[in-house]
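Undergrad: I'd like to ask some things about the structure below.
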Amino acid sequence: MIPGTGAPITGTPPVALLPGAGTPGAGAPGAGAPGAGTPGAGAPGAGAPGTGTPGTGTPGTGAPGTGTPGTGTPITPAVLPPFQFLPVLSDSDGNPNDAFATYNLTVDGNVPVNVATPSGNWTTPMMRYNNSQLPPVIVAKRGTQMTLNVQNNLLEDTTVHWHGFKIPAVQDGGPDKPIPVATSKTYNFQLLQSAASLWFHPHLHTATQVYNGLAGGFVVTDDVSINLETNKQIPSGAFDIPILVQDRSFTADTGTGVRDLVYQNNTMTGMLGDVVLVNGVQMPALEVETRQYRFRLYNGSNARTYDFALSNGASFKIVGTDGGLLAQPVDDTHVLLSAGERAEIVIDFSVYAVGDNITFISRPFASAGPAASALPNGAAFDVMRFDVATPAVDDVILYTDLPPNADIYDRLTELQATTTRDFVMSMGGGGPGGMRFLINGKSFDINRVDELVAAGTTEIWNVSNVSMMEHPFHAHAIQWQVLDRNNLPPVGSDLGWKDTVLVKPGESIRIIGRFDPLVNIGKYMYHCHILEHEESGMMGIFEIL
Ligand SMILES: [Cu+2]
């Protein structure tokens, strides 16, 4: 990943209409008749994305959707703001190629961040690491001994939780291990897992600190991933791009040039913003070459689930999940990511012509819970746009199977597990905000250990959801494998390493994992990754002894 700057778009690209601040209408799909040809650049219609199934062939001229985009003011940008690349931090120990890496992170409040949107730019005070305009990315190879110095400059305690990392509990950054105001803490751990798109974020005042802007990407590389890149079997370098998607709400424009974040603590749905930011920009345009690109999709939102897809219904390859690369790329037309989840996808732009534009969207889906937002969970909206700008000869032939030494082939079987635990997520009345969010009938207690786990064992966790809302279940300490979902064997993204799994109402999912006796020691969290649910009690502690 080489940070760069995309040039602003010129010319007259097809205009996508962003949903206004009202409820998107149920417009007819804008796709043409399905056909067997190469997907073209069907321009989205002049309505909110429809709710039908996109065509799989030539979309032709794409009839406009007929839906009303809502009661808000529609945005009809002639020019979209340029895509911003997340800054990659440098190893500060002076030697980027040895087995040690040191990074210094300050946690800062009130950083004036420029927010670019199709309807104009403004400044929003946010929390950020290193006073940076954008969330940073750390890149390090498997085996590296990490030293991460964190200075808390906020007016409240924080932590840095290393999401998806296989590390000791004392380094995990849970809420039981705060970094007090005006102090610093050093996290030390070795990277002992497969190449993956991991991330980090606070785990204390989690909902508000993440919402206010604290998050970062963490890309682990290993010999398998580096060989794929060297052998041109996966896009790399400038064609390997992290995308952090987070929805936010802002105060109205009062002419000052400053618009503050609005945090509406809707405990039931979690915080659902009506402005979807991609690396800090609303609806950016990324100029691409006619070649394959690898995108690392991070759902860093507090509560929103996205069903990412291309506006013309074209398929792409899912090549990675939370904890690493898939053994075989999965061909699909969409990828559903709940809060905290990641996916790596490869989109092939070589089938397009220079001048084509393809919009990256979130498809509509049925979501339980009240529509207590200007942009409810499950609504359809545009996310960003790919502008095919430069012809290129694609030198990448995507891998078909990871080499036999990849960790993904170490599938655990039911017979290896010595313990099965049930985790039932439920909601009930009578809590402080009128609602209680429970796991196994209990609300989080930082002084209570809910589950005792023997070091070095393999366990099956059977997670079920008896509530009326969906919950992304996240368990710390290791990467898990999905045994089955609703008694059906895993398919698609469930075939990869997972640390966060979406459990819909009425669903149950069994995950299996092995705790490493050398690494996995101490008290870890498991919780719903809708951050408002986590903070309302949907969290527990397991202690590995
Ligand atoms: Cu939840």
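Position 248 (the sequence shown) corresponds to 282 in the working numbering; numbering is contiguous. Heads up, the beta-carbon is just placed ideally off N, CA and C, and yes, glycines get one too. In this text the structure is predicted, and so the values were computed from the model without any measurement.
1) What residues in its chain sit with their C-beta under 8 angstroms from that of Pro-363, if we drop five residues either side in the sequence?
2) Over what stretch of residues does the beta strand (DSSP E) that includes Tyr-558 continue unbroken?
3) Can you tell me which of the three DSSP states Glu-263 falls into?
4) Can you tell me which of Val-497, Tyr-297, Gly-347 puts its alpha carbon nearest to the alpha carbon of Ser-460?
5) Suppose the cutoff is 7 angstroms on Cβ atoms and the five residues either side in sequence are ignored; what does the same chain contact list for Lys-219 look like?
6) Contact criterion: CB-CB distance below 8 angstroms. Does Gly-412 meet it with respect to chain B?
7) Tell whether a beta-carbon distance below 8 angstroms holds between Ala-272 and Met-305.
8) How many angstroms separate the CA atom of Phe-329 from the CA atom of Gly-464?
9) Count the other CB atoms within 10 Å of the CB of Asn-404; is the residue buried (16 or more) or exposed (fewer)?
10) Look at the alpha carbon of Gly-54 and the alpha carbon of Asp-308, and state the distance between them as a whole number of angstroms.
11) Identify, in the order they occur along the chain, each residue of the same chain with its Cβ nearer than 8 angstroms to the Cβ of Met-573, setting aside the five sequence neighbours on each side.
12) Does DSSP put Ile-431 in a helix, in a strand, or in coil?
13) Give the range of the beta strand (DSSP E) segment to which His-567 is assigned.
14) For a test of the three-state rule: what should DSSP assign to Ser-335, helix, strand or coil?
15) I need the DSSP call for Ser-480, collapsed to helix, strand or coil.
16) Using a threshold of 8 angstroms, state whether the C-beta atoms of Val-147 and Thr-158 are closer than that.
17) For ligand 1, I want to know if Met-572 counts as a neighbour, meaning its beta carbon is within less than 7 angstroms of at least one of the ligand's heavy atoms.
18) Rounded to whole angstroms, what is the Cα-Cα separation between Tyr-297 and Tyr-245?
19) Can you name the start and end residues of the beta strand (DSSP E) that Gln-205 belongs to?
20) For Ala-615, is the classification buried or exposed, using 16 other Cβ atoms within 10 angstroms of its Cβ as the cut-off for buried?
21) Hey, is Phe-471 close to ligand 1, as in C-beta under 7 angstroms from one of its heavy atoms?
22) Less than 8 angstroms between C-beta atoms, sequence neighbours within five positions excluded: which residues of the same chain meet that for Thr-424?
23) I think Asn-333 touches Ser-372, with their Cβ atoms under 8 angstroms apart; what is that distance to the nearest whole Å?
24) Give the straight-line distance between the Cα atoms of Thr-492 and Trp-531, rounded to the nearest whole angstrom.
25) Taking DSSP as the reference, what is the three-state secondary structure of Asp-550?
26) Can you name the start and end residues of the beta strand (DSSP E) that Tyr-163 belongs to?
TA: In terms of the structure at hand:
1) Correct list, in chain order: Lys-351, Ile-352, Val-353, Val-380, Leu-432, Tyr-433, Thr-434.
2) It spans 556-562 - the beta strand (DSSP E) in which Tyr-558 sits, taken as one unbroken run.
3) Glu-263 sits in a helix when the DSSP states are folded into three classes.
4) Out of Val-497, Tyr-297, Gly-347, Val-497 has the C-alpha closest to the C-alpha of Ser-460.
5) These residues qualify, in order along the chain: Val-184, Ile-213.
6) The structure shown has no chain B; it contains just one protein chain.
7) Contact flag unset, no.
8) Cα-Cα distance, rounded: 43 angstroms.
9) Position check: residue 404 holds Pro in this sequence, whereas Asn was assumed. That one is exposed.
10) Annotation note: pLDDT 31 at Gly-54 (below 50); position unreliable, coordinate value reported separately. About 8 angstroms.
11) Correct list, in chain order: Ile-473, Phe-478, Met-559, Tyr-560, His-561, Cys-562.
12) Reduced to three states, the DSSP call for Ile-431 is coil.
13) Counting along the chain, His-567 sits inside no beta strand (DSSP E); it lies in the alpha helix (DSSP H) bounded by residues 565-569.
14) Here Ser-335 sits in coil by DSSP.
15) Reading the sequence as shown, one finds Ile at residue 480 and not Ser. Reduced to three states, the DSSP call for Ile-480 is coil.
16) Between Val-147 and Thr-158, the C-beta spacing is below 8 angstroms.
17) Within the cutoff, so yes.
18) Between Tyr-297 and Tyr-245, the C-alpha separation is close to 8 angstroms.
19) Gln-205 -> no beta strand (DSSP E), and no H or E assigned at all.
20) Coverage of the chain is limited to positions 35 through 579, which leaves residue 615 absent and any answer about it impossible.
21) Within the cutoff, so yes.
22) By the criterion of a C-beta distance shorter than 8 angstroms, Thr-424 is surrounded in its chain by Glu-321, Val-322, Glu-323, Thr-324, Val-388, once the five residues flanking it on both sides are discounted.
23) Contact check for Asn-333 and Ser-372: beta-carbon distance about 7 angstroms, within the 8 angstroms limit, so the pair qualifies.
24) Each residue's Cα considered, the two are about 15 angstroms apart.
25) Coil at Asp-550, not helix or strand.
26) Counted as a single uninterrupted DSSP element, the beta strand (DSSP E) harbouring Tyr-163 occupies residues 154-163.
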